[in-house]
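*Asks:* Residue numbers (this note's numbering), protein chains in the order written: chain A, 1 to 146; chain B, 1 to 146; chain C, 1 to 146; chain D, 1 to 146; chain E, 1 to 146; chain F, 1 to 146; chain G, 1 to 146; chain H, 1 to 146.
Beta carbons: idealized from backbone N, C-alpha and C, even for Gly.
Bear in mind that the values here come from a model prediction, so they are computed numbers and not experimental data.
So that we are looking at the same thing, I have put the structure below in structure tokens.
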């Protein structure tokens with residue numbers, strides 16, 4: 001049993017590494033995918049390849065298009081989607097990914113501190129588990145893949 | 001030609017009314033739908049009907065479930081989805097709705113100030129139009145339904 | 001806003017009537033559908049139309065086929081599915097309908113006493129609300145259709 | 001030709017082992033999947049990972065969510081779904097799985113004693129075969145994979 | 001409750017009229033659809049509109065294309081599909097329609113004499129009822145729409 | 001029987017009017033839909049509503065987005081899609097619409113002069129009829145809706 | 001590039017062997033699938049495994065169910081479907097498979113003598129190629145996989 | 001991470017080779033697919049296998065059918081679709097493929113000179129990136145697969 005798990009959301013803490021290390025330690029056969037987490041590269045993905053844009057709106061539009069080639073493909077291929085909401089930033093792309101996962105019928109796990117509970121209630125309602133720590137996601141994977 | 005347009009997102013300003021008034025003035029045959037916009041009623045939708053919950057998490061979970069009966073049904077029935085991101089709050093449910101609309105192949109229009117452009121770039125990339133004012137949404141509907 | 005609500009499950013108590021009466025009293029625009037609730041007619045639906053079968057298994061098979069023409073069509077047409085589990089009987093067809101509703105992405109409401117909670121946990125997990133009394137279903141419809 | 005077969009339902013007898021042993025003896029290339037069959041572990045899957053819940057309803061809700069990550073993923077990946085109804089218990093999750101399989105267009109095989117025939121007629125009607133013994137399921141797999 | 005029922009198959013006997021008359025007498029709200037039953041018009045549907053073809057193969061190809069605009073549209077719109085196999089002719093288009101109906105998840109009713117049972121076993125297996133006389137189809141509709 | 005027919009493609013000749021007049025004369029119950037055919041309005045649909053863009057590429061991008069809200073919605077709602085390729089222009093949007101119609105399983109009719117036959121062979125292969133004159137489309141509709 | 005090709009239809013001549021030999025000689029990477037072609041085993045597939053049935057109708061029903069577990073699974077997995085109509089028999093199952101393939105959007109190739117052209121016109125219209133000899137199917141595969 | 005990328009469109013320049021060489025140099029795990037690019041073989045694909053046709057329309061129809069067996073299969077299997085519009089020819093099949101890709105939800109990249117921008121605005125609007133040179137497609141793949 002080999003699963004593909006898409007890790008969406010926050011890119012400024014080590015939650016992905018903690019999940020990957022934990023599942024590796026547990027000997028699970030999981031392939032993790034996700035967005036490009038190099039913030040600068042991600043922001044410049046459009047203009048650095050397709051050419052400069054003066055308006056920030058179109059620069060972002062180009063970049064978001066190139067990134068979506070990756071993210072939509074991998075999200076659609078995945079068996080499970082984990083979405084992390086960190087302490088900071090608006091993270092609307094994380095909630096957007098959660099909405100796509102829900103509409104596609106992908107099992108969804110959210111990962112966020114209790115302080116976000118009320119604001120994330122619609123997203124959490126679509127999830128099959130709400131975790132607080134990356135290690136709980138590892139435990140979930142260890143359990144469901146045993 | 002009669003269209004059903006789902007208005008998702010911010011519930012604290014009069015953007016829905018401005019769109020509804022504008023389309024009525026334009027004589028368009030549009031049925032607008034959306035979430036329950038009475039904040040208190042929405043928050044209490046679960047516990048007031050299904051019984052009290054002590055933990056805030058489960059109170060929210062109950063409420064979000066009842067609200068989802070409405071929102072998912074109407075979003076799936078709609079021909080066009082408009083998602084408004086206001087100046088305040090995290091509004092993850094709005095981004096979640098946008099993700100569902102995108103995955104369902106619904107034409108998506110976002111409505112937000114320029115200050116949100118960078119944070120919303122993934123959502124905007126999935127939209128067919130990014131409007132700044134409700135009146136632009138009216139003009140879009142007037143144009144596409146003529 | 002007019003909705004079609006499929007009422008699946010128990011046929012020996014008046015829960016359907018209580019929901020229908022309550023929504024009528026509330027002035028809601030709901031069309032209720034469901035299986036044929038005349039137990040004897042339902043059991044004989046196959047043999048009375050298609051001819052006698054000696055083996056009970058095939059008699060049931062014929063009857064279940066004819067009934068499925070009705071139930072699958074109406075369940076697929078519905079906007080919301082309510083599934084009632086009563087005190088008695090195995091009611092596997094109710095759980096089967098709940099599984100179909102879940103796979104089809106229909107908003108699901110279950111209605112059953114607390115005594116069934118543990119046995120129905122997988123079904124309830126797929127539901128957006130778990131009600132105890134028919135009047136709560138009326139309140140849910142009143143809320144989501146307002 | 002390698003097939004993935006999901007074995008849903010009863011967890012208290014050795015029917016899974018008998019099917020697995022039989023197909024192994026027959027040299028068939030089948031990967032069997034199914035729910036976690038350790039009853040205690042399954043019941044505690046939520047609270048042991050995500051934290052304690054006082055109310056039994058929410059404890060079950062948590063557990064059913066974690067289990068669904070496994071069961072929905074594997075059921076959707078499978079080529080054939082076999083659902084076993086044993087002599088005891090209500091087994092609503094088995095009927096729920098059968099409903100999901102039917103709605104997803106998965107070939108369905110039921111496995112149960114004759115005593116359940118009348119109560120399971122709707123589920124059996126959606127099945128392509130109704131077996132009485134695990135060895136018949138082995139024979140079916142041996143035949144369809146030859 | 002108004003249903004659309006597609007009547008596919010044999011065009012040389014009065015089975016459609018018998019079903020339509022019977023449901024009218026029963027006061028059922030059914031809209032019947034089906035292929036063009038004027039054999040000559042159907043065969044010439046392509047060449048009479050799109051221009052002559054010398055090769056019979058292409059004449060048939062043109063005609064089948066024009067007819068498919070009607071038949072696929074109506075079959076996809078229908079709630080129930082009834083397929084009649086008469087005593088004569090090969091009627092491959094009837095079996096083809098049955099296959100489309102099955103793949104689309106439409107409730108299927110077949111109507112044919114016992115003499116066809118063995119040859120139609122795969123088609124009948126996909127049907128929810130196998131009727132012998134048009135009046136049985138009327139009875140089925142009367143039952144499922146009550 | 002009322003059908004919705006989407007008329008895609010060329011906007012510089014009177015082919016739409018000829019089809020609409022012909023079906024009206026034939027007394028057919030058809031609702032015709034299509035893109036906005038006012039060329040200037042269509043080209044300016046984005047910038048006139050959403051604000052000016054200096055780069056022609058983004059001006060077109062904005063306009064195409066607003067137009068797609070209309071065209072995708074109507075194309076998806078339609079029962080039949082007719083795509084006209086005129087004598088002039090590249091008309092890639094017409095071929096694009098034909099590709100969408102084919103992938104969505106919509107019955108497709110193409111309308112073009114013989115001189116385009118070789119260049120349109122892939123599109124025509126996906127069509128159920130290839131017409132040369134608008135009056136032939138009227139005849140097709142008259143035949144399939146009789 | 002490895003393809004899975006489902007070979008449906010006639011089981012009394014060597015057309016499958018001719019296609020398999022030809023593609024092997026051409027060095028193509030094709031996995032061929034299809035129904036069980038041992039006529040007696042196929043007819044008895046139900047009763048020999050699930051137990052005897054007195055009525056021929058239910059014997060056939062059992063057998064068709066068991067066979068469908070194989071045929072529907074393999075047809076849905078296939079990249080291309082080839083359907084052979086031989087000189088004899090009614091072969092309604094072949095036309096049924098063609099209908100399923102068409103509704104599932106599978107590229108369809110038919111294989112039959114010219115004498116069947118008129119009777120098969122609806123099926124052929126849904127096909128991307130109509131071949132007369134198995135060797136033409138080999139040539140098609142050789143061309144499309146080069 | 002291994003991706004399948006479908007390269008649709010122009011067959012008279014070396015753009016495919018430039019993309020394939022670039023991704024090979026970058027060490028990316030990509031399988032490229034596309035139509036048969038031998039123009040003469042493609043045009044004769046039907047008649048050379050299925051027999052001569054006098055009318056050019058039917059010769060093209062046969063050929064387009066055989067080619068579609070390849071192109072639709074590969075396009076549906078692909079993770080990403082790249083569509084090239086060259087300087088010359090009408091290239092309606094390229095736009096048709098883009099429409100199919102869009103309707104199937106495949107990430108779409110277009111590749112064409114600026115001179116086509118206005119004529120391709122509807123196609124480009126459905127794309128996630130508009131490239132000018134094959135090397136930009138290589139850079140996109142390098143970025144999204146890193």
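Quick check on residue 77 of chain C: does DSSP put it in helix, strand or coil?
*Replies:* Along the third chain, read from residue 1 onward, the residue named residue 77 of chain C stands at position 77. Reduced to three states, the DSSP call for residue 77 of chain C is helix.
*Asks:* Can you give the beta carbon distance from residue 34 of chain E to residue 66 of chain E, rounded, assuming they're within the 8 Å contact cut?
*Replies:* Taking the fifth chain and counting its residues from 1, one reaches residue 34 of chain E at position 34. Taking the fifth chain and counting its residues from 1, one reaches residue 66 of chain E at position 66. Between residue 66 of chain E and residue 34 of chain E the Cβ distance is about 15 Å, and since that is not below 8 Å, they are no contact.
*Asks:* Taking only three categories from DSSP, how would you classify residue 119 of chain D?
*Replies:* Walking along the fourth chain from the start, residue 119 of chain D turns up at place 119. Residue 119 of chain D falls in the coil class under three-state DSSP.
*Asks:* Would you say residue 99 of chain F reaches chain B, if we count a Cβ-Cβ gap shorter than 9 Å as a contact?
*Replies:* Counting from 1 along the sixth chain, the entry for residue 99 of chain F is found at position 99. Chain B contact via Cβ: absent.
*Asks:* Taking the alpha carbon of residue 140 of chain G as the point to measure from, which residue in H/71, H/23, H/98 has its own alpha carbon closest?
*Replies:* By 1-based counting over the seventh chain, the position of residue 140 of chain G is 140. It is H/71.
*Asks:* Could you tell me whether the region 76-84 of chain G touches the region 54-65 of chain G, using the rule of 3 or more Cβ pairs below 8 Å?
*Replies:* No, the region 76-84 of chain G is not in contact with the region 54-65 of chain G.
*Asks:* For residue 88 of chain H, is the classification buried or exposed, using 16 other Cβ atoms within 10 angstroms of its Cβ as the cut-off for buried?
*Replies:* Working through the eighth chain from its first residue, we reach residue 88 of chain H at position 88. Counting Cβ neighbours within 10 Å, residue 88 of chain H comes out exposed, since fewer than 16 surround it.
*Asks:* Is it buried or exposed for residue 98 of chain B, if we count other Cβ within 10 angstroms and need 16 for buried?
*Replies:* Start at 1 with the first residue of the second chain, and residue 98 of chain B comes out as number 98. So residue 98 of chain B counts as buried.
*Asks:* So, residue 6 of chain B versus residue 75 of chain B, is the Cβ gap smaller than 9 Å?
*Replies:* Taking the second chain and counting its residues from 1, the one referred to as residue 6 of chain B is at position 6. Taking the second chain and counting its residues from 1, the one referred to as residue 75 of chain B is at position 75. It is a contact, given that the beta carbons lie within the stated cut-off.
*Asks:* Check each residue of the region 117-128 of chain A: if its Cβ is closer than 8 Å to any Cβ of chain B, include it; give the result in chain order.
*Replies:* Residues 117, 118, 119, 120, 121, 122, 123, 124, 125, 126.
*Asks:* Look at residue 3 of chain G and residue 29 of chain G and say whether their C-beta atoms are less than 9 Å apart.
*Replies:* Taking the seventh chain and counting its residues from 1, the one referred to as residue 3 of chain G is at position 3. Taking the seventh chain and counting its residues from 1, the one referred to as residue 29 of chain G is at position 29. Against a cut-off of 9 Å, the Cβ pair of residue 29 of chain G and residue 3 of chain G comes out as a contact.
*Asks:* Can you pull the chain F neighbours of residue 139 of chain B, defined as C-beta to C-beta under 7 Å?
*Replies:* Taking the first residue of the second chain as position 1, residue 139 of chain B is located at position 139. Result: 49.
*Asks:* If we call anything under 9 Å between Cβ atoms a contact, is residue 19 of chain D one with residue 137 of chain D?
*Replies:* Taking the first residue of the fourth chain as position 1, residue 19 of chain D is located at position 19. Taking the first residue of the fourth chain as position 1, residue 137 of chain D is located at position 137. Result yes, Cβ atoms of residue 19 of chain D and residue 137 of chain D sit closer than 9 Å.
*Asks:* Going by Cα to Cα distance, which pick from E/31, E/56, E/27, E/38 is closest to residue 10 of chain E?
*Replies:* One-based indexing of the fifth chain puts residue 10 of chain E at position 10. Of E/31, E/56, E/27, E/38, the residue nearest in Cα terms is E/38.
*Asks:* Mind checking residue 13 of chain C: buried by the 16 CB within 10 Å criterion, or exposed?
*Replies:* To locate residue 13 of chain C, count along the third chain from 1; it is residue 13. With fewer than 16 Cβ atoms within 10 Å of its Cβ, residue 13 of chain C is classed as exposed.
*Asks:* What three-state label does DSSP hand residue 82 of chain B in the structure shown?
*Replies:* Residue mapping note: residue 82 of chain B aligns to position 82 of the second chain, counting from 1. It is a strand residue.
*Asks:* Out of A/134, A/135, A/129, which one is the CA nearest neighbour of residue 59 of chain D?
*Replies:* Position 59 of the fourth chain, counted from the first residue, corresponds to residue 59 of chain D. When each option's Cα is compared against that of residue 59 of chain D, the closest is A/129.
*Asks:* Helix, strand or coil: which one does DSSP assign to residue 136 of chain B?
*Replies:* As a first step, residue 136 of chain B must be located in the second chain, where it is residue number 136. Reduced to three states, the DSSP call for residue 136 of chain B is helix.
*Asks:* The alpha helix (DSSP H) spanning residue 50 of chain H covers which residue range?
*Replies:* Along the eighth chain, read from residue 1 onward, the residue named residue 50 of chain H stands at position 50. That run of the alpha helix (DSSP H) goes 47-50.
*Asks:* Counting only Cβ pairs nearer than 7 Å, list the residues of chain C close to residue 19 of chain B.
*Replies:* Taking the first residue of the second chain as 1, we reach residue 19 of chain B at position 19. Neighbours of residue 19 of chain B on chain C: none; closest Cβ ~18 Å, over 7 Å.
*Asks:* When you compare the CB of residue 106 of chain C with every CB in chain G, is at least one pair closer than 9 Å?
*Replies:* Stepping through the third chain from its first residue, residue 106 of chain C is reached at position 106. It does not: the Cβ of residue 106 of chain C has no partner Cβ on chain G nearer than 9 Å.
*Asks:* Can you name the residues of chain F whose CB is closer than 7 Å to the CB of residue 58 of chain A?
*Replies:* As a position in the first chain, residue 58 of chain A is number 58, starting the count at 1. Under the 7 Å cutoff, chain F gives 58.
*Asks:* So, is the C-beta of residue 3 of chain D closer than 9 Å to a C-beta in chain G?
*Replies:* Taking the first residue of the fourth chain as 1, we reach residue 3 of chain D at position 3. So yes, residue 3 of chain D belongs to the interface.
*Asks:* For residue 203 of chain A, does the three-state DSSP call read helix, strand or coil?
*Replies:* In the structure displayed, chain A extends from 1 to 146; residue 203 of chain A sits before or after that span and is not available.
*Asks:* Relative to the alpha-carbon of residue 125 of chain B, which residue among A/48, A/57, A/36, A/49 has its alpha-carbon at the smallest distance?
*Replies:* What you label residue 125 of chain B is simply residue 125 of the second chain in a count that begins at 1. Nearest C-alpha to residue 125 of chain B: A/57.
*Asks:* Using DSSP bridges, identify the partner residues of residue 131 of chain C.
*Replies:* Counted from its first residue, the third chain places residue 131 of chain C at position 131. Looking at the DSSP assignment, residue 131 of chain C forms a beta bridge with C/111.
*Asks:* With distances taken from CA atoms, which of F/51, F/55, F/50 is nearest residue 52 of chain A?
*Replies:* Here residue 52 of chain A corresponds to residue number 52 of the first chain, with the count starting at 1. Taking only the C-alpha atoms, the option nearest residue 52 of chain A is F/55.
*Asks:* Using 8 Å for Cβ pairs, my map puts residue 95 of chain F next to residue 109 of chain F. What's the rounded Cβ distance?
*Replies:* If you number the sixth chain from 1, residue 95 of chain F lands on position 95. If you number the sixth chain from 1, residue 109 of chain F lands on position 109. Between residue 109 of chain F and residue 95 of chain F the Cβ distance is about 14 Å, and since that is not below 8 Å, they are no contact.
*Asks:* For a cutoff of 9 Å on Cβ pairs, would you count residue 30 of chain C as touching chain B?
*Replies:* Position 30 of the third chain, counted from the start, is the residue given in the question as residue 30 of chain C. Closer than 9 Å: no.
*Asks:* Please list the terminal residues of the continuous alpha helix (DSSP H) segment that includes residue 147 of chain F.
*Replies:* Within the shown structure, residues of chain F are numbered from 1 to 146, placing residue 147 of chain F beyond reach of any answer.
*Asks:* Residues in the same chain with beta-carbon distance under 7 Å from residue 120 of chain B, minus the five sequence neighbours each way, listed in chain order, please.
*Replies:* Within the second chain, the letter at position 120 stands for residue 120 of chain B. Result list for residue 120 of chain B: 85, 110, 112, in chain order.
*Asks:* Could you tell me if residue 115 of chain B is buried or exposed, where buried requires 16 or more neighbouring beta carbons within 10 angstroms of its beta carbon?
*Replies:* Translated into the one-based positions of the second chain, residue 115 of chain B becomes position 115. Exposed is the call here.
*Asks:* In this structure, how does DSSP classify residue 7 of chain A when only helix, strand and coil are distinguished?
*Replies:* For the purposes of this step, residue 7 of chain A is identified with residue 7 of the first chain, where counting begins at 1. Three-state result, residue 7 of chain A: strand.
*Asks:* Please report the straight-line C-alpha distance between residue 92 of chain F and residue 50 of chain C, rounded to a whole angstrom.
*Replies:* Working through the sixth chain from its first residue, we reach residue 92 of chain F at position 92. Working through the third chain from its first residue, we reach residue 50 of chain C at position 50. Near 55 Å, if we compare the C-alpha coordinates of residue 50 of chain C and residue 92 of chain F.
*Asks:* Using only CA atoms, which one of D/43, D/102, D/104, D/17 lies nearest to residue 117 of chain C?
*Replies:* As a position in the third chain, residue 117 of chain C is number 117, starting the count at 1. It is D/43.
*Asks:* According to the Cβ coordinates, are residue 134 of chain B and residue 73 of chain F closer than 9 Å?
*Replies:* Looking up residue 134 of chain B in the second chain gives position 134. Looking up residue 73 of chain F in the sixth chain gives position 73. Not a contact, by the Cβ cut-off of 9 Å.
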